[in-house]
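Residue numbers (my numbering), protein chains in the order written: chain A, 2 to 515; chain B, 2 to 515.
2 protein chains.
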Amino acid sequence: MIGAVALVSTLVDSGVEVCFMNPGTSEMHFVQSLDAVPAMRGVLTLFEGVATGAADGYARLAGRPAAVLLHLGPGLGNGLANLHNARRAHSPLVCVVGAQATYHARFDPPLQSDIETVAHNVAGWVETSGHEREVGSDAARAVAAAHEHGGQVAVLVLPADVSWNDGGVPAAPVEVPDASAVDPAAVAAAAERITGASCVLLLGGRALSERGLRAASRIAAATGARLLVECFPARLERGAGLPDVERVAYLAERVAPQLAGATDLVLLGAPPPAAFFAYPGRPDDLVPDGCTVHPLAAPGQDVEAVLDELADRLASGVEPVVTAPATPPAPTGALTPQTLADAVALTLPENAVLVDEAITAGGRLPASTAGAARHTLLTLTGGAIGQGLPAATGAAVAAPHRPVVCVQADGSAMYTVQALWTQAREQLDVTTVLVNNASYAILRAELDRVGAEGPRERAQAMLSLADPELDFVALATGTGVPAVRVETAEDLVRELRRAVTEPGPHLVEVMMRG
Amino acid sequence: MIGAVALVSTLVDSGVEVCFMNPGTSEMHFVQSLDAVPAMRGVLTLFEGVATGAADGYARLAGRPAAVLLHLGPGLGNGLANLHNARRAHSPLVCVVGAQATYHARFDPPLQSDIETVAHNVAGWVETSGHEREVGSDAARAVAAAHEHGGQVAVLVLPADVSWNDGGVPAAPVEVPDASAVDPAAVAAAAERITGASCVLLLGGRALSERGLRAASRIAAATGARLLVECFPARLERGAGLPDVERVAYLAERVAPQLAGATDLVLLGAPPPAAFFAYPGRPDDLVPDGCTVHPLAAPGQDVEAVLDELADRLASGVEPVVTAPATPPAPTGALTPQTLADAVALTLPENAVLVDEAITAGGRLPASTAGAARHTLLTLTGGAIGQGLPAATGAAVAAPHRPVVCVQADGSAMYTVQALWTQAREQLDVTTVLVNNASYAILRAELDRVGAEGPRERAQAMLSLADPELDFVALATGTGVPAVRVETAEDLVRELRRAVTEPGPHLVEVMMRG
Chain A
2 MIGAVALVST LVDSGVEVCF MNPGTSEMHF VQSLDAVPAM RGVLTLFEGV ATGAADGYAR
62 LAGRPAAVLL HLGPGLGNGL ANLHNARRAH SPLVCVVGAQ ATYHARFDPP LQSDIETVAH
122 NVAGWVETSG HEREVGSDAA RAVAAAHEHG GQVAVLVLPA DVSWNDGGVP AAPVEVPDAS
182 AVDPAAVAAA AERITGASCV LLLGGRALSE RGLRAASRIA AATGARLLVE CFPARLERGA
242 GLPDVERVAY LAERVAPQLA GATDLVLLGA PPPAAFFAYP GRPDDLVPDG CTVHPLAAPG
302 QDVEAVLDEL ADRLASGVEP VVTAPATPPA PTGALTPQTL ADAVALTLPE NAVLVDEAIT
362 AGGRLPASTA GAARHTLLTL TGGAIGQGLP AATGAAVAAP HRPVVCVQAD GSAMYTVQAL
422 WTQAREQLDV TTVLVNNASY AILRAELDRV GAEGPRERAQ AMLSLADPEL DFVALATGTG
482 VPAVRVETAE DLVRELRRAV TEPGPHLVEV MMRG
Chain B
2 MIGAVALVST LVDSGVEVCF MNPGTSEMHF VQSLDAVPAM RGVLTLFEGV ATGAADGYAR
62 LAGRPAAVLL HLGPGLGNGL ANLHNARRAH SPLVCVVGAQ ATYHARFDPP LQSDIETVAH
122 NVAGWVETSG HEREVGSDAA RAVAAAHEHG GQVAVLVLPA DVSWNDGGVP AAPVEVPDAS
182 AVDPAAVAAA AERITGASCV LLLGGRALSE RGLRAASRIA AATGARLLVE CFPARLERGA
242 GLPDVERVAY LAERVAPQLA GATDLVLLGA PPPAAFFAYP GRPDDLVPDG CTVHPLAAPG
302 QDVEAVLDEL ADRLASGVEP VVTAPATPPA PTGALTPQTL ADAVALTLPE NAVLVDEAIT
362 AGGRLPASTA GAARHTLLTL TGGAIGQGLP AATGAAVAAP HRPVVCVQAD GSAMYTVQAL
422 WTQAREQLDV TTVLVNNASY AILRAELDRV GAEGPRERAQ AMLSLADPEL DFVALATGTG
482 VPAVRVETAE DLVRELRRAV TEPGPHLVEV MMRG
């Protein structure tokens, strides 16, 4: 058995059954192994950023890693931005990066570069497989590593000869420990502090499951403590029948009222709050003066058990506050952030996955969808744009029986627009709501915020997508995805209803000018 | 003056007058500086890989760096593959990577990551600017560094507060030393060895200028020494009136006859020859047994002077052998690599820049274009695909009065297809000849070569772009580039003639099925 077959067999035995890939010559034996190991599903993408973003979306839905197969250092570079988002999402992910044969690197061939240094930018575990005898056990350890610390990126560098040499040995799965328990004394101490509105529970990671949110809601109802969800959650359960918890705002000055009066901030699966950017002359520390941060449950710890324990102590017999089913009236007229959000909320199918990379155009989505059909929300965890279309693709692979709706900004869409082709190829049930406002609208706002002075004509030109205007119907059609452009809210509702009903991918281009 | 204005002013004073960019919030002051420093031309791209590839193409034509402006670690990641190609091309390039404000990084905000480790993968010079007082001089040193070692990537990490703080000081240009001279004794010793066909002169880098090629041709004509050009030259002058020198083949077994009988291999601006990949059971060392490699002029040394000196010694009064004007007869019938090459050769305008990322479909281009109108050829130096469309874009910015023809494979095109939008926005005179064979055809050949055995149905599916078939006319139209699809050689000739005549970008999709 060649090394590649041992590797792929081990991945499958360890629970990794999908590989998103952009292979090259050095990965040909891995590709060939798909025939020897049919339990591994290969999903071809046209660009590595699609493969890594899809693996992130897959992991968020499946709760276990997909593999990604990339071609040497440049392939890893192309995949890096969405691996960054996966890192911030704590998505378990196994990234196999092909490399030159061990004995060939001495020639410094054109594609040679230092892969491991790049990998350390995003990965918690990086190893190079040195021998075909070991590549099976390396793969098993990579999968286990991907599950550690609440989920992380594991990069296994695979030299071509290790892949093609005979003598591969599949390895048994490496046991993955359960999420570690939090010290009961720390839980008890926290329970003492949760006494009213001066205490804020900041929920993140696995606290955003139905179980976690219900327990948190009970605690808040019983104690008066406030709840917040981290700014960009990897996966948040939402909609009718679930507690609706406000998210930490994007801008520091909007976070200030959210945390005003807080003396205790208890972290439950979330990292300490951090402003996305600093701005000249503005405060950048989100934690108010006099507020103590208590990191109670880190990613990788069993935050749901902590919340259940706290609810048992503090909210015995108290029910969570859940959202009643409520959809907005059918929107009419011009396409605006409000009518967009209302149209999405109104047409969202039951049990959908909602991917939100709408950036500025999506500002009204949280409010409009709070009482919509129950759904799972995925957001842009790491701020590296171009995550929406790939994540939607991977989510649809992980959850083939759930409709996926991706609300996607135009500028960000162009980073990884190639994802549409994979949606067409795999006939994934993804509806892309493509908001075309012909600009990097968020950067226009940021240009104001950073206090740049003086004339701006040439600067503004760098933030405009208006000349020429992108035609996403043509772009989608070119990649095999049926698409339609809408100019009114009524048309949007009608086309969304049609798109989510028909199987396979669709794109609705929402013209939001001015 | 804020740091960003000092930085941009210094870049302009140092000869950097174009910046290809994908800015984000942390780069807003740099963007704003375009209004304060109008001599800097900002060129917006929709994806960082387009920006870096364009800067590479620009540098190859202009012989001096463009700047690239990228957004933190993920932006650098997105640009990495074409920076890899730039590194292999010895293109001078100044890459400015925005970063969090120095005092804000402590919060580990979502976009925070270790930028410098990623940069070292591609850059010969990496620094982080620590203070607005120093950012001007940092920029001047970055430009000088970009010119060192025959051209390299210099990465300057720019924290947001260094960019926005008042107190910036523009710096005078740092003197860039001329290419260093080669030791005259080494030239004299080499001259002794160049005595006949057992000596091969391997030309690369700046030896591929008209001056270098003419001198080399004189030496070969006088001594019987053989000439070869490196496999993937960054910039090669070709066509009627110039010497036509064969390039080192891509596959080791085709290099063997090229170097058969060689006892001396003299490197003139080229690195030692290296096979792109190793293959199971095949030799991977291109240098024949008994052949000594003589590195006479490295990149960064004055190889043209060396060639002139050798020609003066060995070929006094001997003329170079140049190619007579010769274009193939007008091709007819099916679109094949041969009819494609003939159509390109026949229609190539005088003084064109020819960008070749046609991969398998381009195999006949070198022979067909040898006697075509004089042109400058750019190739895929580092093997990281997705270089053609961006490089053509940058070349057109650098040489606005030269027509650019880009022969581009389909699979590679999809890596950086966003480049078409920048061509439309800037109304660049680029004709893209997009070869659609609905597959990663080179990988089909590689799958055979690597000796993979057994069934291949699932593996072959990973190399196919046929389902769904990409429609590049729709993709180009969606980005604002007029496009047409052709199915016969006659139509290709007609459409190429039209495209190269009309100003602005065009795309001709060449259907090469089966």
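In this text, a Cβ means the ideal position worked out from N, Cα and C, and glycines have one as well.
Consult DSSP for B:A172 and reduce its assignment to one of helix, strand or coil.
-> coil
Report the rounded CA-to-CA distance for B:D468 versus A:P506, giving the unit in angstroms.
-> 14 Å
Rounded distance between the beta-carbons of B:L378 and B:A392, thought under 8 Å | At roughly 11 Å, the Cβ-Cβ gap does not stay under 8 Å, so B:A392 and B:L378 are not in contact.
Starting from B:N438, follow its DSSP beta bridges and name the residues at the other end.
-> Bridge partners of B:N438: none, in fact.
Using 9 Å as the limit for Cβ to Cβ distance, is B:G384 near chain A?
-> yes
In chain order, which beta strand (DSSP E) runs of at least 3 residues are fully inside the region 207-259 of chain B?
-> 227-230, 237-239
At a cut of 8 Å, does the region 498-513 of chain A reach the region 14-32 of chain B through at least three beta carbon pairs?
-> no
Does DSSP put B:R283 in a helix, in a strand, or in coil?
-> coil
Identity of the residue in A:A359, A:A306, A:I116, A:P244 nearest A:V519 by Cα | In the structure displayed, chain A extends from 2 to 515; residue 519 of chain A sits before or after that span and is not available.
Check: A:A257 C-beta below 8 Å from any heavy atom of the ligand NAP | By its list of ligands, the structure shown contains no ligand whatsoever, and the ligand NAP lies outside what it can speak to.
For B:A335 and B:D449, the rounded distance between their alpha carbons = 26 Å
Identify every run of the alpha helix (DSSP H) within the region 269-326 of chain A, keeping only runs that are complete inside it and at least 4 residues long; order them along the chain.
-> 304-315
Chain-ordered residues of the region 406-427 of chain B with a beta carbon less than 9 Å from chain A | G412, M415, Y416, T417, V418, Q419, W422, A425, R426
A:R486, enclosing alpha helix (DSSP H) - first and last residue = It is not in any alpha helix (DSSP H) - A:R486 instead sits in the beta strand (DSSP E) that spans 484-487.
Considering B:E358, what are the terminal residues of the alpha helix (DSSP H) in which it resides?
-> No alpha helix (DSSP H) contains B:E358, which is instead part of the beta strand (DSSP E) from 353-358.
Between the C-alpha atoms of B:D245 and B:A327, what's the straight-line distance to the nearest angstrom?
-> 12 Å
Can you give me the start and stop residues for the beta strand (DSSP E) that B:L45 sits inside?
-> 42-45
Helix or strand or just coil, what does DSSP make of A:T103?
-> coil
Count the C-beta pairs between the region 240-254 of chain A and the region 163-181 of chain A that are closer than 8 Å, then say yes if the count reaches three, no if not.
-> no
Which class does A:H376 belong to by DSSP, given the choice of helix, strand or coil?
-> strand
Three-way DSSP call (helix, strand, coil) for B:V183 in this model | coil
List, in order along the chain, the chain B residues whose C-beta lies closer than 8 Å to that of A:P171?
-> Per Cβ cutoff of 8 Å: no residues; A:P171 is ~17 Å from chain B at best.
Terminal residues of the continuous beta strand (DSSP E) containing A:T129?
-> 126-129
Please report how far the alpha carbon of B:V307 lies from the alpha carbon of B:Q153, in whole angstroms.
-> 22 Å
Can you tell me where the beta strand (DSSP E) with B:H507 in it begins and where it stops?
-> 507-512
Please list, in chain order, all residues of the same chain as B:T273 whose beta carbon is under 6 Å from its beta carbon, the five residues on each side excluded.
-> Before going on, a small fix: residue 273 of chain B reads as Pro here, not Thr. The answer, listed in chain order, is V294.
Exposure label - B:Y280; buried when at least 16 CB within 10 Å | buried
Short-range partners of chain B found in the region 14-25 of chain A, where Cβ spacing is below 8 Å = M22, P24, G25
Of all the options A:A400, A:R403, A:L381, which has the alpha carbon lying nearest to the alpha carbon of A:A414?
-> A:L381
Say whether chain B places a C-beta atom closer than 9 Å to the C-beta of A:I517.
-> Past the edges of chain A, shown from 2 to 515, lies residue 517 of chain A, and the structure says nothing about it.
What are the boundary residues of the alpha helix (DSSP H) that A:L464 is part of?
-> Premise fails: A:L464 is in no alpha helix (DSSP H) and is neither H nor E.
Residue interval of the beta strand (DSSP E) (run including B:L71) | 68-72
Would you call the region 445-464 of chain B and the region 78-98 of chain B in contact, with 3 or more CB pairs under 8 Å?
-> no
Count the C-beta pairs between the region 121-141 of chain B and the region 154-164 of chain B that are closer than 8 Å, then say yes if the count reaches three, no if not.
-> yes
Same chain, Cβ closer than 7 Å to A:N437, neighbours up to 5 away in sequence not counted | D411, L471, F473, E510, V511, M512, M513
Which chain A residues are close to B:M463, counting only those with a beta carbon under 8 Å from its beta carbon?
-> M22, P24, V32, L35, G43, L45
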